[in-house]
Amino acid sequence: MGASYQPISWNRQKQIYDGIIGGGIALYLTVFIAVCIIFNPDVTSETLLIRSTATLALLLLHVILAIGPMARLNKVFLPLLYNRRHLGLTMFTVSLIHGAFSIIQFHSLGNVNPIVSLFTSNTHFESLTKFPFQALGFFALVILFLMAITSHDFWLHNLGPRIWKTLHMMVYIAYALIICHVLLGVMQYETSTVLFVMLVVGMITIITLHWVAGAREHRIDQNDIQVVQDQFVMACSVAEIPEKRAKVVVLGNERVAIFKYDGKIAAMSNVCKHQSGPLGEGKIIDGCVTCPWHGYQYLPHNGSSPPPFKEKVSTYDVKILNDEVWINPSPYPEGTERPPAIIK
Amino acid sequence: MIRPLRTYHFYLWRSFALALPLIAVLAVLYRPVTTPAAARSEDFLVDVTNSGDTLYTIKLTVANPLKFPTCVAYSTSGNNKTLLGLVDHRGQYDFVVKRSQSDFILTDVIHGNEIVRKSLLTK
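Protein sequences, first through last, are from chains A and B.
Its first residue numbered 0, the first sequence is counted upward by one per residue in numbering that gives the first Met the number 0.
Its first residue numbered 0, the second sequence is counted upward by one per residue in numbering that gives the first Met the number 0.
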């Protein structure tokens, strides 16, 4: 959370995290190259570079795609989500090295522009065996490039959370393209089953995690509140809300987080203005609702970030009747101050 | 995440759960049939036959996986090189060249190395 932009907001946790990423990458490349040279002494340095960066990028992409649903399913993984951006940029850099060297190696020696050559040297779109798989990898790299250059909070702020998040969810399309790139490319000529088995295991893991996390969210969305009285709907009992935490309820099309703190109840949109994180899964720290994803904070009674920050979310009217929390489903404009209900 | 994006996520991954495994199965089923790597001791076999009075047919067999980043076939006549085509995987390749050509060459063009040279005059 910041009032101004910095290239990278370093802190000790990010430095440790990046150190682990760098060490892991160095270890992977060393082991991969050593194993390749032992089992295939004739392998060239160009082939080693292309293959090591390809497998590393694929591995990193699987790790990145696993973090989101794992954090939704278990809060233990939230620190990984907090630092995922650096891992994504690392993966893009590795993919770019793979893509650039592949284009140089396979398309730069003729009298045709290498990018034109990539799309015209193979046009067997009707064949699975000879499918122009390189084009799939190229399109995936374009998506990853767009994500990488817009990964900074400057772009998040200027594009708006909705467009930014939509753009970055294109990583799923990139994932499908990359899987097809591998299946229709190297898998067509690879005689060892090791790579295929690893790819299938990774694919099943990612699909299962996203399926389970998505189904859980879908179930929550189906629990729309129905009991209505004087334009208020019954949300939950006071006892259901843990102190300094929230109960998330579904009102029509969106989720609302109802927080309990210091003998009061207040409600605000569940969607953080930063990256649409789930505010209701955060807690109140120093009197502010704190997003569990990246620590963005909002005052519970008006939904505004404390000065000098400017983020704001919608607020709702709440009242307590017979130890039950009732909420008016009509949101107030973002940052509108609403008096919290007092617990008697 | 807002509800439209959650819905997009929900249906996208259900589509992937069907499509990606299907593509994986098809990719395996339609893999090209390859001969065992250890079937031949030589990497390249070059067989030259007459094809009429004016042409040679060069039958190139790539027996083992290529060990070069690029492998391009040429025929030569004196100092003139004629490009025949790219050799990029195991299998058989047929090239037809004029009788005026003297040599058949496979070259790693990235490193500038000559991999195989076969005289067409001493066939």
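C-beta atoms are modelled at their ideal positions from N, C-alpha and C, and glycine is treated no differently.
Taking only three categories from DSSP, how would you classify A:Lys164? Reading the first sequence from its first residue, position 165 is the one you call residue 164 of chain A. Helix.
Could you give the residue range of the alpha helix (DSSP H) that holds A:Ile20? Looking up residue 20 of chain A in the first sequence gives position 21. Note, A:Ile20: alpha helix (DSSP H), 11–38.
Contact residues within the segment 10–27 of chain B, judged by C-beta distance below 8 Å to chain A: Leu11, Trp12, Arg13, Phe15, Ala16, Ala18, Leu19, Pro20, Ile22, Ala23, Leu25, Ala26, Val27
Burial state of A:Thr192, where buried means 16 or more other Cβ atoms lie within 10 Å: As a first step, residue 192 of chain A is located in the first sequence; it is residue number 193 there, counting from the start. Answer is exposed; the Cβ neighbour count stays below 16.
Determine the direct distance from the alpha carbon of B:Thr60 to that of B:Ser101, and round the result to whole angstroms. For this step, residue 101 of chain B is matched to residue 102 along the second sequence. For this step, residue 60 of chain B is matched to residue 61 along the second sequence. When rounded, the distance between both Cα atoms is 20 Å.
Check whether the Cβ atoms of A:Ile205 and A:Leu55 sit closer than 8 Å, and answer yes or no. Position 206 of the first sequence, counted from the first residue, corresponds to residue 205 of chain A. Position 56 of the first sequence, counted from the first residue, corresponds to residue 55 of chain A. The answer is no: Cβ separation not under 8 Å.
Since A:Ile142 and A:Ile172 should fall inside the 8 Å C-beta cutoff, what is the C-beta to C-beta distance between them, to a whole number of angstroms? As a first step, residue 142 of chain A must be located in the first sequence, where it is residue number 143. As a first step, residue 172 of chain A must be located in the first sequence, where it is residue number 173. About 6 Å separates the beta carbons of A:Ile142 and A:Ile172, which is inside the 8 Å limit, making them a contact pair.
To which residues of the same chain is A:Lys282 closer than 7 Å at the C-beta, ignoring the five residues directly before and after it? For the purposes of this step, residue 282 of chain A is taken as the residue at position 283 of the first sequence. Here the set comprises Lys243, Arg244, Thr289.
So A:Ala175 and A:Lys263 are in contact, right, with Cβ under 8 Å, and what is the actual spacing, rounded? Mapped onto the first sequence, residue 175 of chain A falls at position 176. Mapped onto the first sequence, residue 263 of chain A falls at position 264. No, A:Ala175 and A:Lys263 are not in contact; Cβ-Cβ is about 47 Å, not under 8 Å.
is_contact[A:Leu176, chain B] using C-beta, thresh 8 Å: The sequence position of residue 176 of chain A within the first sequence is 177, counting from 1. Residue contact with chain B for A:Leu176: absent (no Cβ-Cβ distance below 8 Å to any residue of chain B).
Any C-beta of chain A under 8 Å from that of B:Tyr7: Position 8 of the second sequence, counted from the start, is the residue given in the question as residue 7 of chain B. Interface residue, yes.
Start-end ranges of the beta strand (DSSP E) lying completely within the segment 43–103 of chain B, minimum 3 residues: 43–50, 54–61, 71–76, 79–85, 90–97
Please state whether the Cβ-Cβ distance between A:Ser304 and A:Tyr331 is less than 8 Å. One-based indexing of the first sequence puts residue 304 of chain A at position 305. One-based indexing of the first sequence puts residue 331 of chain A at position 332. No. Outside cutoff.
Please confirm if A:Leu244 has its CB atom under 8 Å from at least one CB of chain B. By 1-based counting over the first sequence, the position of residue 244 of chain A is 245. Checking the sequence shown, residue 244 of chain A turns out to be Arg, not Leu. Not an interface residue.
CA nearest to the CA of A:Thr43, picked from B:Trp12, B:Thr69, B:Tyr7: Against the first sequence, residue 43 of chain A aligns to sequence position 44. Checked all of B:Trp12, B:Thr69, B:Tyr7; the closest Cα to A:Thr43 is B:Thr69.
Can you tell me whether B:Arg116 is buried or exposed? The criterion is at least 16 other CB atoms within 10 Å of its CB, across all chains shown. Here residue 116 of chain B refers to the residue found at position 117 of the second sequence. Result: exposed.
Where DSSP assigns a beta bridge to B:Asp107, which residues make up the other side? On the second sequence, position 108 is the one that residue 107 of chain B refers to. According to DSSP, which records beta bridges pairwise, B:Asp107 is partnered with B:Asn112.
Coil, strand or helix - A:Glu323 by DSSP: If you number the first sequence from 1, residue 323 of chain A lands on position 324. Of the three classes helix, strand and coil, the one that applies to A:Glu323 here is strand, per DSSP.
Indicate whether the contact test is met: 3 or more Cβ pairs, each with one atom in the segment 95–114 of chain A and one in the segment 131–141 of chain A, closer than 8 Å. yes
Mind checking B:Ala36: buried by the 16 CB within 10 Å criterion, or exposed? Taking the second sequence and counting its residues from 1, one reaches residue 36 of chain B at position 37. For B:Ala36, the pLDDT reaches just 48, beneath the cut-off of 50, and the residue's location in the model is therefore unreliable, leaving the point undetermined.
Pair within 8 Å by beta-carbon distance, A:Leu88 and A:Val181: Taking the first sequence and counting its residues from 1, one reaches residue 88 of chain A at position 89. Taking the first sequence and counting its residues from 1, one reaches residue 181 of chain A at position 182. Their beta carbons are not under 8 Å apart, which means A:Leu88 does not touch A:Val181 by this criterion.
Report yes if the CB atom of A:Leu140 is closer than 8 Å to the CB atom of A:Leu166, and no otherwise. Your numbering for residue 140 of chain A matches position 141 in the first sequence. Your numbering for residue 166 of chain A matches position 167 in the first sequence. No, these two residues do not count as a Cβ contact at 8 Å.
Restricting to Cα atoms, I'd like to know which of A:Pro78, A:Ser51, A:Leu208 is closest to A:Cys35. Here the question's residue 35 of chain A lines up with position 36 in the first sequence. Nearest of A:Pro78, A:Ser51, A:Leu208 to A:Cys35, Cα basis: A:Ser51.
Every unbroken beta strand (DSSP E) inside the segment 153–237 of chain A [3 residues or more]: Correct list: 231–236.
Name the chain A residues that come within less than 9 Å of B:Leu4, Cβ to Cβ? By 1-based counting over the second sequence, the position of residue 4 of chain B is 5. Simply Arg161, Lys164, Thr165, Met168, Ser275.
Under 7 Å between beta-carbons, which chain A residues line up against B:Lys66? List them in chain order, please. By 1-based counting over the second sequence, the position of residue 66 of chain B is 67. Residues of chain A passing the Cβ test: Asp41.
Report the three-state DSSP secondary structure of A:Gln274 (helix, strand or coil). Sequence index remark: in the first sequence, residue 274 of chain A carries index 275 (1-based). A:Gln274: coil per DSSP, three-state reduction.
Taking DSSP as the reference, what is the three-state secondary structure of A:Tyr81? One-based indexing of the first sequence puts residue 81 of chain A at position 82. Helix.
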